[in-house]
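Participant: Take a look at the following structure, please.
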Amino acid sequence: MRRYGLSERQWERIKDLLPGREGHVGGASADNRLFVEAVLYRYRAGIPWRDLPAQFGDGKNVHRRLRRWCESGVIEQVFRHLAADRDNGYMMIDSTIVRVHQHSAGARKKGGADQAIGRSRGGLTSKIHAIVDAAGKAVALPLTPGKRADITEADRLLDEVDPTTFIADKAYDADPLIEKLEKRQITPVIPSRKNRRDPRKISSQLYKNRNIIERFFARLKQFRGIATRYDKLKSTFFAAAQLVSTIIGIN
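Be aware that the sequence shown starts at 43, since it is given in the working numbering, and climbs by one per residue.
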């Protein structure tokens with residue numbers, strides 16, 4: 043991907059999934075590509091919306107349009123559509139902590155809405171969990187408060203995928219998860235904790251592939267607006283993480 047834009051291949055993969063395409067009900071959106079590139083620019087550079095270069099138009103309008111796409115589920119649909127084309131040979135799960143900027147705190151909790159911000163000794167944080175396939179594509183991507191344990195999301199995420207082999211680190215070594223994997227005839231490649239009485243034998247060769255998800259998170263955090271959360275609303279930040287994950291997953 044070009045540093046602040048979409049390659050032709052990336053644009054070809056997503057353009058027919060966006061509102062305003064030819065034959066789609068509603069107004070035409072000939073500037074969809076410019077809008078998507080504006081969102082990517084903002085998160086790549088980690089700048090306030092008002093500091094977007096003039097070529098992208100008014101930053102307030104770009105942000106307002108992103109909010110409409112969040113509420114209508116456009117980005118969620120794009121992510122899930124492309125994630126469905128995945129390699130089921132083996133998958134891996136992990137999570138990464140995102141520091142929350144002070145300006146992103148204080149969103150109004152309408153109806154007790156959870157903004158996925160947690161407080162710990164390190165300050166305010168969010169946590170991005172991910173399941174990635176063998177090609178390095180994110181196929182499941184939830185967002186939780188940073189203090190949430192990794193294992194808490196594994197069971198739910200596993201319902202969304204059907205790999206032959208499932209790779210994870212020791213944080214996911216829990217009997218209920220192992221039993222669920224074995225019941226579904228999915229081979230667990232998860233090292234045993236030191237306190238496990240009967241350690242499991244795993245394939246060290248397969249476990250080495252866990253670096254794929256580490257590289258995914260490294261690419262995701264090259265976008266400064268993802269590495270540090272500046273968005274008050276969970277839905278905005280989550281949509282941005284899904285969009286960036288989708289784009290970097292298109293090879």
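The beta-carbon is built from N, C-alpha and C at its ideal position, and this holds for glycine as well.
Just so it is clear, the structure is predicted and the values come from calculations on it, not from any experiment.
Which of helix, strand or coil does DSSP assign to residue 68?
Facilitator: Here the question's residue 68 lines up with position 26 in the sequence shown. Interpretation of residue 68 is limited by its pLDDT of 47, a score under 50 that renders its predicted location unreliable; the figure taken from the coordinates is listed afterwards. Reduced to three states, the DSSP call for residue 68 is coil.
Participant: Using 8 Å as the threshold, is the C-beta distance between residue 204 and residue 238 below it?
Facilitator: For the purposes of this step, residue 204 is taken as the residue at position 162 of the sequence shown. For the purposes of this step, residue 238 is taken as the residue at position 196 of the sequence shown. Not in contact: residue 204 and residue 238 (Cβ atoms no closer than 8 Å).
Participant: Whose CA, out of 260, 137, 288 and 282, lies closest to the CA of residue 113?
Facilitator: Position 71 of the sequence shown, counting from 1, holds the residue named residue 113. It is 282 whose Cα lies nearest to the Cα of residue 113.
Participant: Residue 140 and residue 162 look like a contact to me (Cβ under 8 Å); what is the Cβ gap, rounded to whole Å?
Facilitator: Taking the sequence shown and counting its residues from 1, one reaches residue 140 at position 98. Taking the sequence shown and counting its residues from 1, one reaches residue 162 at position 120. Between residue 162 and residue 140 the Cβ distance is about 12 Å, and since that is not below 8 Å, they are no contact.
Participant: Please report the distance separating the alpha-carbon of residue 143 from that of residue 272.
Facilitator: As a position in the sequence shown, residue 143 is number 101, starting the count at 1. As a position in the sequence shown, residue 272 is number 230, starting the count at 1. Whole-angstrom Cα-Cα distance: 5 Å.
Participant: Any Cβ of chain D within less than 8 Å of the Cβ of residue 129?
Facilitator: This model lacks chain D altogether; it includes just one protein chain.
Participant: With a Cβ-Cβ cutoff of 8 Å, do residue 116 and residue 60 count as a contact?
Facilitator: The residue given as residue 116 occupies position 74 in the sequence shown. The residue given as residue 60 occupies position 18 in the sequence shown. Their beta carbons are under 8 Å apart, which means residue 116 touches residue 60 by this criterion.
Participant: Return the chain-ordered list of same chain residues with a C-beta closer than 7 Å to the C-beta of residue 77, the five sequence neighbours on each side being excluded.
Facilitator: As a first step, residue 77 must be located in the sequence shown, where it is residue number 35. Within the same chain, residue 77 has close Cβ partners 104 and 107.
Participant: To the nearest angstrom, report how far apart residue 53 and residue 132 are at their CA atoms.
Facilitator: As a position in the sequence shown, residue 53 is number 11, starting the count at 1. As a position in the sequence shown, residue 132 is number 90, starting the count at 1. One C-alpha to the other measures close to 27 Å.
Participant: Below 8 Å, can you find three or more Cβ-Cβ pairs linking the segment 211 to 230 to the segment 89 to 103?
Facilitator: Flag = no, the segment 211 to 230 and the segment 89 to 103 do not touch.
Participant: Going by DSSP in three states, residue 243 sits in which element: helix, strand or coil?
Facilitator: Mapped onto the sequence shown, residue 243 falls at position 201. The answer is coil: DSSP assigns residue 243 none of H, G, I, E or B.
Participant: Where are the beta strand (DSSP E) runs, 3 residues long or more, that stay fully inside the segment 137 to 192, in chain order?
Facilitator: Qualifying beta strand (DSSP E) stretches, in chain order: 160 to 162, 165 to 175, 180 to 182 and 185 to 187.
Participant: What are the boundary residues of the beta strand (DSSP E) that includes residue 206?
Facilitator: Translated into the one-based positions of the sequence shown, residue 206 becomes position 164. Per DSSP, residue 206 belongs to no beta strand (DSSP E) and is neither H nor E.
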